[in-house]
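> Its first residue numbered 1, the sequence shown is counted upward by one per residue in the UniProt record's numbering.
Glycine included, each C-beta is placed from N, C-alpha and C at the ideal position.
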Amino acid sequence: MDYSSFTNTSYQIYQLPSWNRSHDMAVISTLLVSLPLPLVLMLLVFAPLVVVKLKGSITTRKQPPLPPGPIPWPIIGSLPEIWQNKPVFRWILGLMKQLGTDIACIRLGHVHVITVTSPEIAREFLKKHDFVFASRPKTMAAEYATRGFLSSALVPWGDQWKKMRKVIASNVINPARLSWLLHKRTQEADNLVRFIYNQCINHENMHGGVINLRLAVRQYTGNVIRRMMFNTRYFGKGREDGGPGYEEEQHVESLFTVLMHLNSFILSDYVPWLRPLDLEGHEKIVSEAMRIVNGYHDPLVDERIKEWGQGKRKEPQDLLDAFILAKDLNGKPALSAEEIKAQITDLMLATVDNPANAAEWAMAEMLNNPEILRKATDEIDSVVGKSRLVEETDIPKLNYIKCCAREAFRLHPIGPFNVPHVSNADTTVAGYFIPKGSRVLISRRGLDPKVWEEPLEFKPERHLNDEWGSGRVELTENELRFISFGTGRRGCIGVGLGSAVT
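1. Looking at the unbroken alpha helix (DSSP H) that takes in I380, where does it start and where does it end?
2. Looking at C-alpha atoms only, which residue of K163, A326, S179, F230 is the closest neighbour of G496?
3. What is the DSSP secondary structure of R489, reduced to helix, strand or coil?
4. Return the bridge partner residues of R462 from the DSSP annotation.
5. Where DSSP assigns a beta bridge to W73, which residues make up the other side?
6. For the alpha helix (DSSP H) that V286 lies in, which residues bound it at each end?
7. Where do the N-terminal and C-terminal ends of the beta strand (DSSP E) with L95 fall, by residue?
8. Measure the C-alpha to C-alpha separation of P68 and V383 and round it to an integer number of angstroms.
9. Where does P79 land, buried or exposed, given buried means 16+ other C-beta within 10 angstroms?
10. Our contact map puts R214 next to N223 with C-beta atoms below 8 Å; I'd like the distance itself, whole angstroms only.
11. Please classify A405 as buried or exposed, where buried requires at least 16 neighbouring CB atoms within 10 angstroms.
12. From the DSSP output, in three-state form, read off A358 for me.
13. In the DSSP assignment, find the alpha helix (DSSP H) that holds H261 and state where it starts and stops.
14. Does DSSP put S135 in a helix, a strand or coil?
15. How long is the line joining the alpha carbons of L193 and V429, rounded to whole angstroms?
16. Under the assumption that L255 contacts V352 (Cβ atoms under 8 Å), give the Cβ distance between them as a whole number of angstroms.
17. Between which residues of its own chain and W308 is the CB-CB distance below 7 Å, once the five residues before and five after are set aside?
18. Out of curiosity, what's the CA-to-CA distance linking L66 and H412?
19. Report the three-state DSSP secondary structure of V210 (helix, strand or coil).
20. So for L329, helix, strand or coil by DSSP?
21. Can you tell me which of W157, I266, V167 puts its alpha carbon nearest to the alpha carbon of K284?
22. For A104, which option in R481, F485, R489, S438 has the closest C-alpha, if you only look at C-alpha atoms?
23. Helix, strand or coil for S438 per DSSP?
24. By Cβ distance, which residues of its chain are closer than 7 Å to I305, with the 5 residues on each side in sequence left out?
25. Curious, which full-length beta strand (DSSP E) runs of at least 3 residues does the region 144-192 contain?
26. Apart from the five residues on each side of it in sequence, which residues of its chain come closer than 8 Å, Cβ to Cβ, to T60?
27. Report the partner residues of H421 according to the DSSP bridge assignment.
28. Sort R177, P64, P272, I173 by Cα distance to H110 and report the nearest one.
29. Can you look up S499 in the DSSP assignment and give me helix, strand or coil?
30. State buried or exposed for residue 574, treating a residue as buried only when at least 16 other CB atoms are found within 10 Å of its CB.
31. For P72, count neighbouring Cβ atoms within 10 angstroms of its own Cβ and tell me buried if that reaches 16, exposed if not.
32. In three-state terms, what does DSSP make of V111?
33. Return yes when the Cβ of H421 is within less than 8 Å of the Cβ of F89, no when it is not.
34. Going by the DSSP bridge assignment, what does T427 pair with across the sheet?
35. Might you give, ordered along the chain, the residues of its own chain that have their beta carbon closer than 6 Å to the beta carbon of M260, omitting 5 neighbours on each side?
36. Compare the beta carbon distance of residue 503 and A359 with 8 Å and say whether it is the shorter of the two.
This is the structure in structure tokens:
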């Protein structure tokens, strides 16, 4: 294909002073040949229009500049770079380091993506300007996970989000409800210990008692939320040793598949008309994962609603019952069956990821540092003793254990960036113009050397500074030096549950 007319046009628009003309032409031609055909066609069709628009768009209106970032291509922005550089977050962080900036603007399609690595700037976004950045983007994966944006965490700002947030806070995730469900979490913690013990003494264990840590922690979080939501550990028969059966493993793996795509850079999320083409195959994967998840959830929800309607149930037993019994101001059911199903998946996704990831990484770090493991073990022996199992009431006194979890959140978060925030209006942050509709990604990792000494080292002791008072340590990070749980209007409503499970 001959791209010479386009490359000449793009060269005139985006020439950088330091580029060599012949080198630039070669780079652009090579890049275009490597792009998907739909992106190339879009460039060829719309580039001349962009030239006309740019020539006629000179304005005298003064406003702060956008944050620094790469010079975008016409129409598609930096999507070619996103296509070619995987994983994308490494390219973004490398670009920001190259530019020497803590805030960047990367245009993808028509969307301005604002990336932030500075705690100070993060606080400005999520504290000072919290209301402006209280929305969420409408992405492909979020649409599947929320059944068309019917739940709370991933839904754009509006009446539906306000409704769901109110119902959840008043009827489902509150201190009284969490206390009511304590015995269910205790059952699953005890079962985790039983499963690990059985793995160690099982002579048929081909690994000689070696525990698959990822399987153990992920299935534990899955067991906890299934027990709290449906009052059951298993969808199928499970295993006699307390381990997961095929159904439970498939359920949790499908949830993590959806989570992975919620945190991915997907072309069609920025150029919507590309979605039917499913160029990267993401939609096929997400739709199949949600088919599996819904296949386990929906029959239980439908049957339970039917049982309450027929008067077969008298007392609530779990969170599903709490959803069904929630009433609006007129005494009618607050949620439809579809909203209940969407919110159940929302809570499932929120519960399995962060705690499992933090526990896995904390254990990995402790196994590689015997001194840290010894201190953690000594603390448990001192606070709990050796005659009983750890209970949730022990958590406030297990400060070093919580420091290990905080350090895992800081150094090994579940994803490189938090769930995207979307600006509801034009505004200015850190001296830069942030257009309405921008998607803001705050780095979850706490690696700023101005904030942390030896930021790449796993040092739980750095959190033993009593900044919370009364000698206690919390898993939340209010100053956003790293992100463990969301904050602000769109913060994690289940922080208490997430902390306890972790």
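Walking through what the data contain:
1. 370-383 is the span of the alpha helix (DSSP H), which, as asked, contains I380.
2. Of the candidates K163, A326, S179, F230, the one whose C-alpha sits nearest the C-alpha of G496 is S179.
3. In this structure, R489 counts as coil in the three-state DSSP scheme.
4. DSSP output for R462 lists no bridge partner at all.
5. W73 is bridged to G77.
6. Looking at the DSSP string, the run of the alpha helix (DSSP H) that includes V286 is 282-309.
7. First-last for L95: 88-99, but that is the alpha helix (DSSP H), not the beta strand (DSSP E).
8. C-alpha of P68 to C-alpha of V383: approximately 51 Å in a straight line.
9. The sequence shown places Leu at residue 79, rather than the Pro named in the question. The residue is buried, with at least 16 neighbouring Cβ atoms inside 10 Å.
10. Contact between R214 and N223 is ruled out by a C-beta separation of about 15 Å, above the 8 Å threshold.
11. With 16 or more other CB atoms across the displayed protein chains lying within 10 angstroms of its CB, A405 is buried.
12. A358: helix per DSSP, three-state reduction.
13. Element bounds for H261: 246-262.
14. In the displayed model, S135 falls within a strand according to three-state DSSP.
15. The question names Leu, but residue 193 is Val in the sequence shown. Going from the Cα of V193 to the Cα of V429 covers about 48 Å.
16. Contact annotation, L255 with V352: C-beta distance approximately 5 Å; criterion of less than 8 Å satisfied.
17. Answer for W308: I324, listed in chain order.
18. Cα to Cα, L66 sits roughly 30 Å from H412.
19. In this structure, V210 counts as coil in the three-state DSSP scheme.
20. In the structure shown, the three-state DSSP call for L329 is coil.
21. Checked all of W157, I266, V167; the closest Cα to K284 is I266.
22. Nearest of R481, F485, R489, S438 to A104, Cα basis: S438.
23. Three-state result, S438: coil.
24. Cβ within range, chain order: I324, A337.
25. Taking only runs of at least 3 residues, no beta strand (DSSP E) segment lies wholly in the region 144-192.
26. Interpretation of T60 is limited by its pLDDT of 46, a score under 50 that renders its predicted location unreliable; the figure taken from the coordinates is listed afterwards. Answer for T60: no residue qualifies.
27. Bridge partners of H421: V440.
28. Ranking the options by Cα distance to H110, first place goes to P272.
29. Note: S499 maps to helix in three-state DSSP.
30. No answer is possible for residue 574: the residues shown for the chain start at 1 and end at 502.
31. Classified as buried, P72 has 16 or more neighbouring CB atoms from the shown chains inside 10 Å of its CB.
32. Shown here, V111 sits in a strand according to DSSP, grouped into three states.
33. No.
34. The partner list for T427 (beta bridge, DSSP) reads I434.
35. If we look at M260 and ignore the five residues flanking it on each side, it has no Cβ neighbours.
36. Residue 503 lies beyond the stretch modelled for the chain, which goes from 1 to 502, so this question has no answer here.
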